[in-house]
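Structure first, then comments.
Numbering (the numbering used here), first residue to last: 261 to 741.
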């Protein structure tokens, strides 16, 4: 029996191979990446040139270019402990398993079983009405093989779609990781900006206390009025209140950082460390290269490829399904004769099935996948436009804030000199204390603004790194299933 099955199986295999060779092209359109309008250069980066070999470039650990050990330590914890990244990683593993599941359809399915039944058939049936059939037993040990031939490429298109979806999931994981890393760096420098403002407020409060003591001494000596004392005290108290308010903002940023590195807020503390240095020069890429550097663009492009493959899957439903099947095993009515050569049975042969009427289901499904593909193309192009916008936004922010910071530093120096002159004039009795208050408030506001501009420059640098894709490249997707 088994020799006969083997002979028929070989014949069917040859027939299947010939069929596959004559239908090697899968139905449905082959994927071609749609074109997008790409500018030759970024408008907000005048004078910028393409990086040359040996120039600094963004790497996987892009935060190291900021040369901040505290930030380096925090960023190393993100990929390990952040729960949003853990979710994205699990979703990628799920998508990769779906690829393996879809590939399984290329192979035959073999099922084995065993059953034993005992019963009596009705005498009032077509097999012998009015005649008692008695009690009988049936012992069955079957094996069934079923194999769908991928003549029209339905399985190939399904694997193509699942593989593209898995690559999109891998890009999503990279996008989530980059987003969390950038958010951490942004929160970190906001916190350091507050630390810098607090340090200056501490120095100002100490100075205002001395000014208040001087004013009180002059009041006690009858040189100035009580109004001067009240003005000096008011400036001191309002500055102290401002410093207390910074504590609320700092605590919230510290809690946000704890969340990003996967730690309870109550167990995380970041020592004060004022912001002093400007951001590093961020290496840039050509706009055309940006399409390969952004993981969100890569994810949108891979989803577009998956949607294109689904068109082939839907079109394959219009064609007949070709299957090869075989059954063999042992069957007997007496358990003593069950495992015996005469109890053998087998059958083998192909089958062809075609849906001739489905109420318009396949037509609707084809329209659905075509619309889904069109939507994915629009989503891809919108993602590209968003990427260019984000890069331009942060390039302009860095350029403008650098100029603003330089001018603001000059304003701080002017305000400092104004305080010195006003204090000397007040001590000499030339002007009232109101002039001192105005000068001190001006200096305080200008210094806070200068520190804030530096913090905004750091945030813009981080966002430019994120907008440029960090150190990621779409070539990494070729390593994914």
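Glycine included, C-beta positions come from ideal geometry on N, C-alpha and C.
**Request:** Assuming residue 593 contacts residue 397 (C-beta within less than 8 angstroms), just tell me the rounded distance between them.
**Result:** Stepping through the chain shown from its first residue, residue 593 is reached at position 333. Stepping through the chain shown from its first residue, residue 397 is reached at position 137. About 5 angstroms separates the two Cβ atoms, so the contact holds.
**Collapsed DSSP secondary structure at residue 342 in the structure displayed** = Locating residue 342 in the chain shown gives position 82, counting from the first residue. Residue 342 falls in the coil class under three-state DSSP.
**Message:** Are the CB atoms of residue 424 and residue 569 within a distance shorter than 8 angstroms?
**Reply:** Locating residue 569 in the chain shown gives position 309, where the first residue counts as 1. Locating residue 424 in the chain shown gives position 164, where the first residue counts as 1. Against a cut-off of 8 angstroms, the Cβ pair of residue 424 and residue 569 comes out as a contact.
**Request:** Rank 510, 718, 376 by C-alpha distance to the C-alpha of residue 591 and give the top, closest one.
**Result:** For the purposes of this step, residue 591 is identified with residue 331 of the chain shown, where counting begins at 1. The residue with the shortest Cα to Cα distance from residue 591 is 376.
**Item:** Nonlocal neighbours in the same chain, by C-beta distance under 7 angstroms from residue 362, ignoring five residues either side
**Value:** The residue labelled residue 362 in the question sits at position 102 within the chain shown. Taken in chain order, the residues that qualify are 418, 419, 422.
**Message:** If you reduce the DSSP assignment to three classes, tell me which class residue 574 lands in.
**Reply:** Taking the chain shown and counting its residues from 1, one reaches residue 574 at position 314. The answer is helix: DSSP assigns residue 574 an H, G or I state.
**Asked** So what's residue 315 in DSSP terms, helix, strand or just coil?
**Response** Position 55 of the chain shown, counting from 1, holds the residue named residue 315. For residue 315, the pLDDT reaches just 48, beneath the cut-off of 50, and the residue's location in the model is therefore unreliable, leaving the point undetermined.
**Message:** Spatial neighbours of residue 303 within its chain, please: C-beta separation below 7 angstroms, excluding the five flanking residues on both sides.
**Reply:** Position 43 of the chain shown, counting from 1, holds the residue named residue 303. Here the set comprises 652.
**Item:** Extent of the continuous alpha helix (DSSP H) run through residue 696
**Value:** On the chain shown, position 436 is the one that residue 696 refers to. Segment 693 to 727, the alpha helix (DSSP H) holding residue 696.
**Prompt:** What did DSSP end up calling residue 377 once you bin it into helix, strand or coil?
**Reply:** Residue mapping note: residue 377 aligns to position 117 of the chain shown, counting from 1. Strand.
**Prompt:** When the Cα atoms are used, what is the spatial distance from residue 323 to residue 722?
**Reply:** The residue given as residue 323 occupies position 63 in the chain shown. The residue given as residue 722 occupies position 462 in the chain shown. Approximately 8 angstroms, taken between the alpha carbons.
**Asked** Should the stretch 484 to 492 be called in touch with the stretch 506 to 517, which here means at least 3 C-beta pairs below 8 angstroms?
**Response** no
**Prompt:** Whose C-beta lies closer than 8 angstroms to the C-beta of residue 517 among residues of the same chain, with five residues either side of it excluded?
**Reply:** As a first step, residue 517 is located in the chain shown; it is residue number 257 there, counting from the start. The beta carbon of residue 517 sits closer than 8 angstroms to the beta carbons of 334, 444, 447, 448, 451, 528, 530 from its chain, once the five residues preceding and following it are set aside; these are given in chain order.
**Item:** Helix, strand or coil at residue 413 [DSSP, three-state]
**Value:** Along the chain shown, one-based indexing puts residue 413 at 153. Note: residue 413 maps to coil in three-state DSSP.
**Asked** Using the beta-carbon count (16 or more within 10 Å), is residue 394 buried or exposed?
**Response** Here the question's residue 394 lines up with position 134 in the chain shown. Answer is exposed; the Cβ neighbour count stays below 16.
**Message:** Rounded to the nearest angstrom, what separates residue 332 and residue 320 at their Cα positions?
**Reply:** As a first step, residue 332 is located in the chain shown; it is residue number 72 there, counting from the start. As a first step, residue 320 is located in the chain shown; it is residue number 60 there, counting from the start. C-alpha separation (whole angstroms): 12 angstroms.
**Asked** Which residue from 523, 287, 626, 325 puts its Cα closest to that of residue 338?
**Response** Along the chain shown, one-based indexing puts residue 338 at 78. The residue with the shortest Cα to Cα distance from residue 338 is 523.
**Message:** My assumption, with CB atoms under 8 angstroms, is that residue 412 sits in contact with residue 579. Please give the rounded CB distance.
**Reply:** Start at 1 with the first residue of the chain shown, and residue 412 comes out as number 152. Start at 1 with the first residue of the chain shown, and residue 579 comes out as number 319. Correct: roughly 4 angstroms between the Cβ atoms.
**residue 493 versus residue 479: straight-line alpha-carbon distance, rounded** = Within the chain shown, the letter at position 233 stands for residue 493. Within the chain shown, the letter at position 219 stands for residue 479. Per the coordinates, the alpha-carbon of residue 493 lies some 13 angstroms from the alpha-carbon of residue 479.
**Request:** State the start and end residues of the unbroken alpha helix (DSSP H) segment that holds residue 581.
**Result:** Within the chain shown, residue 581 is the residue found at index 321, counting from 1. It is not in any alpha helix (DSSP H) - residue 581 instead sits in the beta strand (DSSP E) that spans 581 to 592.
**Asked** Is the stretch 603 to 623 in contact with the stretch 549 to 559, if contact means three or more CB pairs nearer than 8 angstroms?
**Response** No: the two stretches stay apart, fewer than three of their Cβ pairs being nearer than 8 angstroms.
**Item:** contact_flag[the stretch 469 to 483, the stretch 553 to 569] where n(CB pairs < 8 angstroms) is 3 or more
**Value:** no
**Asked** Around the Cβ of residue 726, are there at least 16 other Cβ atoms within 10 angstroms (buried) or fewer (exposed)?
**Response** Position 466 of the chain shown, counted from the start, is the residue given in the question as residue 726. By the Cβ-count criterion, residue 726 is buried, with 16 or more other Cβ atoms from all chains shown falling within 10 Å of its own Cβ.
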